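Structure first, then comments.
Numbering (full-length UniProt numbering), first residue to last: 1 to 287.
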């Protein structure tokens with residue numbers, strides 16, 4: 001069910017049944033944003049318009065890495081194709097496209113940045129919305145959100161919105177940075193955007209967040225290995241440094257590890273620090 005971004009009442013025929021909110025379109029995309037946002041949110045939206053435009057002109061992360069991470073996530077989809085899926089914070093669309101290629105047809109893509117959504121509007125139901133104020137009630141069986149939660153301003157509002165948008169026993173699959181150094185995102189260190197990663201995570205924090213938001217964690221694992229993210233002992237110990245320098249060129253041709261076979265996983269575990277945490281959680285309580 002679609003609800004009003006202003007008052008959270010049901011929407012009927014593109015208009016709220018309780019207040020004056022009505023659906024608008026920008027570049028033929030339906031916009032489910034509040035009628036009036038505070039200056040902070042307006043600046044946030046403008047920032048992500050800029051980030052998305054820059055990312056599409058020159059990708060911020062290597063496309064091969066994004067594609068590989070997307071392929072790993074679709075392994076957790078069920079066999080049944082008769083489900084409703086949301087890709088929240090769609091980015092360049094590689095995950096959404098990977099899901100569609102597996103035969104899942106009812107896929108909604110949501111982002112606050114219009115340039116990203118324009119890439120996907122022909123093949124998906126594309127909606128402009130704030131991840132902290134999603135216009136859905138019990139709409140989806142699965143919600144994917146990769147590398148989004150570190151960007152939101154109010155994490156409580158984000159998790160509340162995800163909870164409400166999922167059906168009973170719906171599944172939330174997401175990935176976030178693990179104990180990331182946030183100094184790289186300050187303008188004093190050269191970052192050109194006002195809003196990038198606003199927080200980092202660890203497994204203990206995630207368990208608390210998900211419990212408080214009405215979820216039960218079914219899987220929690222470390223993910224996302226790059227060859228530059230080696231553990232401290234690799235540089236401090238000459239023997240380990242030598243082994244690392246000899247092994248890693250043989251199993252990767254990129255600046256990240258293709259960690260989808262047993263040997264590479266062992267190598268990652270021994271020598272590299274994971275950059276991210278993957279979490280799969282089931283909605284067990286409605287907020």
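Just so it is clear, CB atoms sit at the ideal spot from N, CA and C, and this is done for glycine as well. Everything numeric in this text was worked out from a predicted model, so none of it was measured.
- About 5 Å separates the Cβ atoms of residue 201 and residue 176, confirming a contact at the 8 Å cut-off.
- Exclusion of the five residues before and after residue 196 leaves 185 as the residues of its chain whose Cβ lies within less than 6 Å of its Cβ.
- Burial is judged here by how many other beta carbons sit within 10 angstroms of a residue's own beta carbon; residue 25 has fewer than 16 and is exposed.
- At a Cβ-Cβ threshold of 8 Å, residue 137 and residue 29 do not count as neighbours.
- Counting the other Cβ atoms within 10 Å of the Cβ of residue 42 gives fewer than 16, which makes it exposed.
- Comparing alpha-carbon positions, the option among 270, 207, 215 lying closest to residue 231 turns out to be 270.
- Taking a cut-off of 8 Å for Cβ pairs, the stretch 206 to 224 and the stretch 118 to 134 do not touch, as fewer than three such pairs fall below it.
- The C-beta distance from residue 85 to residue 99 rounds to 6 Å, short enough to fall under 8 Å.
- Relative to residue 63, the option among 40, 38, 79, 93 whose CA is nearest is 93.
- Between the alpha carbons of residue 51 and residue 193 lies a distance of about 8 Å.
- DSSP places residue 162 in the helix class (H, G or I) of the three-state scheme.
- Residue 104 sits away from residue 172, with the two beta carbons spaced by 8 Å or more.
- Fully contained in the stretch 87 to 125 are the following alpha helix (DSSP H) runs of length 4 or more, in chain order: 94 to 101, 114 to 118.
- Spatial neighbours of residue 4 in its own chain (CB-CB distance under 6 Å, excluding positions within 5 residues in sequence) are listed in chain order as 11, 16, 21.
- Taking C-beta atoms as the reference points, residue 282 and residue 169 count as a pair closer than 8 Å.
- As for any alpha helix (DSSP H) of minimum length 4 sitting wholly inside the stretch 37 to 79, the runs are 39 to 57, 63 to 73, ordered along the chain.
- In the three-state DSSP reduction, residue 274 falls in the coil class, being neither helix nor strand.
- For a cut-off of 8 Å, the C-beta gap from residue 268 to residue 225 is around 4 Å, short enough to register as a contact.
- Checking the DSSP bridge columns, you'll see residue 194 has no partner listed.
- Inclusion of residue 148 and residue 131 in the CB contact set at 8 Å is warranted, their separation being smaller than that value.
- The three-state reading of DSSP puts residue 22 in strand, counting E and B together.
- Taking all protein chains shown into account, residue 154 has fewer than 16 neighbouring C-beta atoms within 10 Å of its C-beta and is therefore exposed.
- With 16 or more other CB atoms across the displayed protein chains lying within 10 angstroms of its CB, residue 276 is buried.
- The DSSP-derived three-state label of residue 266 is helix.
- The DSSP-derived three-state label of residue 32 is strand.
- Here residue 284 carries a coil assignment [DSSP, helix/strand/coil].
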